[in-house]
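Peer 1: This is the structure, below, for whatever I ask next.
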Amino acid sequence: MKFLTWYFYNLDEIKEIVAAIKKGDIKPIYFLMGEEAYYIDKISDYIEEHLLDEAEKGFNQMVLYGRDVTIDDIVSNAKRYPMMAERQVVIVKEAQDLSRTIEQLAKYAANPQPSTVLVLNYKYKKIDKRKALYKAINKHGGIVFESKKMYENQVADWIRRVLAGQDYNISPKAAQMLVEFLGTDLSKIDNELKKLKIVLPAGTQITPEHIEENIGISKDYNNFELRKAVGSRNAIKAHQIAKYFAENPKDNPIVVSVALLFGFFSQLLHLHGMSDKNPRSVASALKVNPYFVNEYLDAARNYPMKKVSYIIGVLRETDVKSKGVGANAIPQGDLLKELLVKILG
Numbered sequence: 165m166k167f168l169t170w171y172f173y174n175l176d177e178i179k180e181i182v183a184a185i186k187k188g189d190i191k192p193i194y195f196l197m198g199e200e201a202y203y204i205d206k207i208s209d210y211i212e213e214h215l216l217d218e219a220e221k222g223f224n225q226m227v228l229y230g231r232d233v234t235i236d237d238i239v240s241n242a243k244r245y246p247m248m249a250e251r252q253v254v255i256v257k258e259a260q261d262l263s264r265t266i267e268q269l270a271k272y273a274a275n276p277q278p279s280t281v282l283v284l285n286y287k288y289k290k291i292d293k294r295k296a297l298y299k300a301i302n303k304h305g306g307i308v309f310e311s312k313k314m315y316e317n318q319v320a321d322w323i324r325r326v327l328a329g330q331d332y333n334i335s336p337k338a339a340q341m342l343v344e345f346l347g348t349d350l351s352k353i354d355n356e357l358k359k360l361k362i363v364l365p366a367g368t369q370i371t372p373e374h375i376e377e378n379i380g381i382s383k384d385y386n387n388f389e390l391r392k393a394v395g396s397r398n399a400i401k402a403h404q405i406a407k408y409f410a411e412n413p414k415d416n417p418i419v420v421s422v423a424l425l426f427g428f429f430s431q432l433l434h435l436h437g438m439s440d441k442n443p444r445s446v447a448s449a450l451k452v453n454p455y456f457v458n459e460y461l462d463a464a465r466n467y468p469m470k471k472v473s474y475i476i477g478v479l480r481e482t483d484v485k486s487k488g489v490g491a492n493a494i495p496q497g498d499l500l501k502e503l504l505v506k507i508l509g
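So in this note's numbering, spot 287 of the sequence shown is number 451, and the numbers just go up one at a time.
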């Protein structure tokens with residue numbers, strides 16, 4: 165597992181945790197922490213749904229919320245004995261609301277009740293690994309799982325891997341459309357993938373057309389296509405997309421377009437500074453899917469380094485204007501058109 169990139173590590177560690185539970189290797193404490201709530205919910209929901217049967221849950225499964233309880237309340241519930249069952253489950257949701265006192269749980273973690281499974285959902289935060297709670301959980305048979313946030317350039321690979329495990333494929337463009345529209349929120353992406361799997365049979369390769377028909381993201385008028393048009397200096401297509409964005413401003417805020425183009429031209433600046441422009445090296449250095457490398461190489465030929473530096477400056481100015489600094493009366497659609505003229509001119 166140590167050879168896996170860290171953003172796939174989350175997925176594989178979850179599989180290991182679930183596989184261990186299925187085999188009966190159940191830990192006394194599952195401390196689930198980190199920035200990515202999606203994985204925390206996945207593990208917690210699995211335990212909540214599968215550890216006890218329906219007859220046992222009534223007396224032996226308790227869900228608490230961090231804002232409503234103290235550490236003493238949690239420990240008191242965890243020390244209870246199960247009723248007519250082998251074990252009880254105590255789940256603490258939103259445990260991050262107890263961040264100021266969470267270290268007080270260290271004493272219980274050093275001597276956990278063998279018949280209790282305590283699950284703590286500590287979202288968007290982490291406990292200090294140097295302190296007593298973390299050390300006690302690890303030393304006395306518990307699990308501390310850290311769910312790390314993905315960067316945008318990693319999410320498309322995550323989508324492909326998740327779908328592959330469910331007998332689906334997805335084209336690179338379709339995956340990128342989802343990322344461009346939904347960002348890095350894995351819960352939102354997972355919900356949209358579930359919609360697709362309802363209407364599409366297993367074995368399907370998900371295409372941009374499927375995304376457009378079932379999720380409502382235009383396959384022709386989106387920031388992904390804008391970046392492509394700008395990179396290839398296709399002024400007609402770029403201005404068509406800008407016109408569409410101006411007519412649908414709520415779904416296409418300029419701050420998103422500017423951020424994407426800023427990232428793109430920053431990557432081009434990096435590319436110009438590379439001595440090795442082999443496609444494999446470029447994909448690795450820019451952290452892009454190899455499928456899109458030729459677009460970057462073509463864009464680098466279309467925009468010399470001096471022009472790229474100028475464009476980055478223009479994008480910074482537009483970003484400031486788009487946030488209302490010195491441009492309160494200029495519609496966002498006009499700002500984008502002005503930006504494209506400066507980039508493509």
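By construction, the Cβ of each residue, glycine as well, lies at the ideal position given by its N, Cα and C atoms.
Just so we're clear, the structure is a prediction, and the values are computed from it rather than from any experiment.
1. Do you know whose CA, among K191, S448, M197, lies nearest L518's CA?
2. Compute the Euclidean distance between the alpha carbons of L432 and K358, then round it to the nearest angstrom.
3. Along the chain, where does the beta strand (DSSP E) containing K293 start, and where does it finish?
4. Can you tell which of Q277, E310, L228 has its C-alpha closest to the C-alpha of E199?
5. Go through its chain and collect everything with a Cβ distance to V497's Cβ below 6 Å, but skip five positions before and after it.
6. Please classify N412 as buried or exposed, where buried requires at least 16 other C-beta atoms within 10 Å of its C-beta.
7. Quick one: which unbroken alpha helix (DSSP H) runs of 4-plus residues sit fully inside the stretch 429-458? Chain order, please.
8. When you compare the stretch 350-366 with the stretch 308-328, are there three or more beta-carbon pairs, one atom per stretch, that lie closer than 8 Å?
9. How close, in whole Å, do the beta carbons of K501 and H403 come, if the pair is a contact with beta carbons under 8 Å?
10. For a test of the three-state rule: what should DSSP assign to L175, helix, strand or coil?
11. Apart from the five residues just before and just after R397, which ones in its own chain have a Cβ nearer than 7 Å to its Cβ?
12. Thinking C-beta only, is Y210 closer than 9 Å to I185?
13. Is the stretch 253-260 close to the stretch 224-242, with three or more CB pairs under 8 Å?
14. Can you have a look at S421 and say buried or exposed, based on whether 16 or more other CB atoms are within 10 angstroms of its CB?
15. Going by DSSP, what residues sit across from T280 in a beta bridge?
Peer 2: Reading from the atomic positions:
1. Look at the range of the chain in this structure, 165 to 509, and you will see that residue 518 is not part of it.
2. As a working note, residue 432 is residue 268 in the sequence shown. As a working note, residue 358 is residue 194 in the sequence shown. Across the structure, L432 and K358 are spaced so that their CA atoms are roughly 35 Å apart.
3. Within the sequence shown, numbered from 1, the residue matching residue 293 stands at position 129. Annotation: K293 is outside any beta strand (DSSP E) and is labelled neither H nor E by DSSP.
4. Mapped onto the sequence shown, residue 199 falls at position 35. Closest by alpha carbon: E310.
5. The residue given as residue 497 occupies position 333 in the sequence shown. With the sequence shown as reference, residue 497 is identified as Gly, and Val is not the correct amino acid for it. For G497, where only same-chain residues beyond five positions count, the Cβ hits under 6 Å are A410.
6. Locating residue 412 in the sequence shown gives position 248, counting from the first residue. By the neighbour-count rule (16 or more Cβ atoms within 10 Å), N412 is not buried but exposed.
7. Runs found: 443-450.
8. In short, these stretches touch, since the Cβ pair count reaches three.
9. For the purposes of this step, residue 501 is identified with residue 337 of the sequence shown, where counting begins at 1. For the purposes of this step, residue 403 is identified with residue 239 of the sequence shown, where counting begins at 1. So it is a contact: roughly 7 Å between Cβ atoms.
10. Counted from its first residue, the sequence shown places residue 175 at position 11. Three-state DSSP puts L175 in a helix.
11. Here the question's residue 397 lines up with position 233 in the sequence shown. Only N466, L508 meet the Cβ criterion.
12. Position 21 of the sequence shown, counting from 1, holds the residue named residue 185. Position 46 of the sequence shown, counting from 1, holds the residue named residue 210. Taking 9 Å as the Cβ cut-off, I185 and Y210 qualify as a contacting pair.
13. Touching, per the Cβ criterion.
14. For this step, residue 421 is matched to residue 257 along the sequence shown. With 16 or more other Cβ atoms within 10 Å, it is buried.
15. Taking the sequence shown and counting its residues from 1, the one referred to as residue 280 is at position 116. In DSSP, T280 forms a bridge with Q252.
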